Amino acid sequence: MEMKKHIYNRLFPILLLFLVACAPMSKETYMANYKEFVEEVKKESSEYNDDDWAKADEKYLKYSEEWYTKFESELTMKDELKIASWGVQYNAKKGTKAMKDVFSFMFDDEDGLLTFLHDEYSDDVNSMANDLKEKLAYYKENQMEEDLNELKAAIKTASDSIPELVKLLK
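In our numbering, each residue's number is its place in the sequence shown (first place is 1) plus 20.
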């Protein structure tokens, strides 16, 4: 029992010092560290895995809640705007990662949306594509030339009326 007390008496001050050392001691330190944290996330986030994001989220909560509350009464309106901006920047990076995960699942994953759509609707899509090809072939053979001639005539009529429009505008 004496050994446990001895270890506790030696480790407690070190642990307390560590906890105090991690927390910003002034508003200026808080602001500088928060900005540095967000800049690091912006720079490194493309390399983050789920564990990295979990650690970043913990740190973000410290800055945006716990330490913010500690210095809230000292913050100017400009400080508040900076802090809000850093929160938006952090969450934008986090949101970008989440969107990439969603798109990756939807389009790259074997259980994703494209695989599902292909499996469920490929016969329908192929049938529609074949139907469209048949209709285009019929149109090309039976009506396309007539429509093109009508279009040419409409373009000629419009271009012939341009000089008259120019005279009217003058």
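Yeah, the Cβ is synthetic: ideal placement off N, Cα and C, and Gly gets one too. Note that this is a predicted model, so its numbers are computed, not measured.
Which of helix, strand or coil DSSP assigns to residue i
i      : result
Gln109 : helix
Leu95  : coil
Ala43  : coil
Ser181 : coil
Leu36  : Confidence in Leu36 is poor, its pLDDT being 40 and thus under 50, which makes the residue's placement unreliable; the coordinate value appears in the next sentence. It is helical.
Glu223 : Because the chain spans 21 through 190 in this model, residue 223 falls outside it and cannot be assessed.
Glu165 : helix
Lys190 : coil
Glu170 : helix
Cα-Cα separation between residue i and residue j, rounded to whole angstroms
i      : j      : result
Asn53  : Val61  : 12 angstroms
Leu168 : Ser181 : 20 angstroms
Leu121 : Phe127 : The sequence given here has Asp at residue 121, not Leu. One C-alpha to the other measures close to 10 angstroms.
Glu130 : Met119 : 18 angstroms
Tyr110 : Val145 : 42 angstroms
Met148 : Glu170 : 29 angstroms
Gln163 : Ala157 : 10 angstroms
Glu67  : Val108 : 20 angstroms
Phe96  : Ser142 : The residue you asked about is not Phe; residue 96 is Thr in the sequence shown. Looking at the two C-alpha atoms, the distance is approximately 60 angstroms.
Lys190 : Glu166 : 37 angstroms
Lys192 : Ile175 : Outside the shown range of the chain (21 to 190) lies residue 192, about which nothing can therefore be said.
Ala178 : Lys155 : 30 angstroms
Sequence-distant residues of the same chain with beta carbon closer than 7 angstroms to residue i, five excluded per side
i      : result
Trp87  : Ala43, Pro44 and Tyr50
Asp99  : Met51
Phe57  : Lys79 and Tyr83
Trp106 : Tyr54, Lys55 and Val58
6 angstroms Cβ shell around residue i - same chain, five flanking residues per side excluded
i      : result
Lys172 : none
Leu133 : Met126
Range covered by the alpha helix (DSSP H) that runs through residue i
i     : result
Glu78 : Asp70 to Leu81
Other residues of its chain near residue i: CB distance less than 8 angstroms, five sequence neighbours each side excluded
i      : result
Lys102 : Met51 and Lys55
Pick from the options that is closest to residue i, judged by C-alpha positions
i      : options                         : result
Lys113 : Trp73, Lys155 and Glu184        : Trp73
Glu94  : Tyr158, Ser65, Ser46 and Asp151 : Ser46
Ala76  : Lys90, Glu48 and Lys117         : Lys117
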